[in-house]
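Student: Protein chains in written order, with the working numbering: chain S, 1 to 136; chain L, 1 to 136.
What follows is a structure written as structure tokens; I'll ask about it next.
There are 2 protein chains.
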Amino acid sequence: MKKIEHVGCPFNYALGVFGDKWSLLILRDIVIYGKKTYTEFSDSRECIATNVLADRLAKLEENGLITKMKDPQNRRSYLYQPREKALDLIPVLIEMICWSAKYDEISGVPKEYLRRANEERTGLIKEIRDGFTNVV
Amino acid sequence: MKKIEHVGCPFNYALGVFGDKWSLLILRDIVIYGKKTYTEFSDSRECIATNVLADRLAKLEENGLITKMKDPQNRRSYLYQPREKALDLIPVLIEMICWSAKYDEISGVPKEYLRRANEERTGLIKEIRDGFTNVV
């Protein structure tokens, strides 16, 4: 795909950091679904190819959105955790959820989630954030 | 690129409709910058290829985000206009602007725009919407 020049435009910046389809789905898995491991990401219903998954995880780490650390329970495996830069995307993700729920005829967003997204957004964001500790 | 299955997930739906990089930049041009013509889209700094532009405009129309109409001032040319489905993306676009402005060291978002996005969002959304008439 042709490279998009970054020229101070917020959309070019956002697209460069998380605008790739797979990057966004991995961020969804981490931030919204609380997934932490390579295996959990692989198991997502979109069936991301392992080479794409490895590439996008490395890019998300390089761009400061996630950290990779040794799993204290299993030193041979790794845990991925969101950084502030990823948690600050929660409002973008919530707006996308609300928009899709309005227009997608087979939307799977639970009604109660949608109600909170619209009426108690600050609380919902806090609850999602509180699911992560020691964020850097 | 491997097809992402749509399974009721709001992110898959959103990615399918406007998640392509070029589609999002065209929506930016239409909704935020008020561009209306093929020539104006071609002139954007990202230098979209004409075949990609034609393809994405057709997809945005097919997905119900924009309408194409004959220019009343010049019957040989066309005007593109956002539909409600595109205008309802304004909150997503604004959240992306706020996020990029926070993290992009060379962000080009004017401070006053950012202040309004944070403090007077309802008014800003209304002002953007009011720039379009006869939206269907």
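Note that beta-carbon positions come from the ideal geometry of N, C-alpha and C, so glycine has one too.
For clarity, every value in this text was computed on a predicted model and none was experimentally measured.
Counting Cβ pairs, one atom from each stretch, are 3 or more of them under 8 Å apart for the stretch 95–104 of chain S and the stretch 47–60 of chain S?
Tutor: No, they do not touch.
Student: Determine whether the Cβ of S/D88 lies closer than 8 Å to any Cβ atom of chain L.
Tutor: The count along the first sequence starts at 1 and reaches residue 88 of chain S at position 88. So yes, S/D88 belongs to the interface.
Student: What residue does the alpha helix (DSSP H) around S/T39 start on, and which one ends it?
Tutor: The count along the first sequence starts at 1 and reaches residue 39 of chain S at position 39. S/T39 -> alpha helix (DSSP H) spans 38–42.
Student: Kindly identify the DSSP beta-bridge partner or partners of S/M96.
Tutor: As a working note, residue 96 of chain S is residue 96 in the first sequence. In the DSSP output, where bridge partners are listed per residue, S/M96 has none listed.
Student: Which residues mark the beginning and the end of the alpha helix (DSSP H) in which S/N118 is found?
Tutor: Residue mapping note: residue 118 of chain S aligns to position 118 of the first sequence, counting from 1. S/N118 -> alpha helix (DSSP H) spans 111–119.
Student: With L/I30 and L/Y80 assumed to form a contact (beta carbons below 8 Å), what rounded beta-carbon distance in angstroms separates them?
Tutor: By 1-based counting over the second sequence, the position of residue 30 of chain L is 30. By 1-based counting over the second sequence, the position of residue 80 of chain L is 80. About 6 Å; that satisfies the 8 Å criterion.
Student: Does any residue of chain L bring its CB to less than 8 Å from the CB of S/F11?
Tutor: Taking the first residue of the first sequence as 1, we reach residue 11 of chain S at position 11. At least one chain L Cβ lies under 8 Å of S/F11.
Student: Do you know offhand how far L/F18's Cα is from L/L24's?
Tutor: Within the second sequence, the letter at position 18 stands for residue 18 of chain L. Within the second sequence, the letter at position 24 stands for residue 24 of chain L. One C-alpha to the other measures close to 6 Å.
Student: Whole angstroms is fine: what's the gap from S/D20's alpha carbon to L/A58's?
Tutor: Counting from one through the first sequence, the residue named residue 20 of chain S turns up at place 20. Counting from one through the second sequence, the residue named residue 58 of chain L turns up at place 58. If I take the Cα positions, the gap works out to 21 Å.
Student: How is L/L89 classed by DSSP in three states: helix, strand or coil?
Tutor: Against the second sequence, residue 89 of chain L aligns to sequence position 89. DSSP places L/L89 in coil when its eight states are reduced to three.
Student: Could you pull out every residue in the same chain whose Cβ sits closer than 7 Å to the Cβ of L/K35, ignoring the five residues on either side in sequence?
Tutor: In the second sequence, residue 35 of chain L corresponds to position 35, counting from 1. These residues qualify, in order along the chain: D29, F41.
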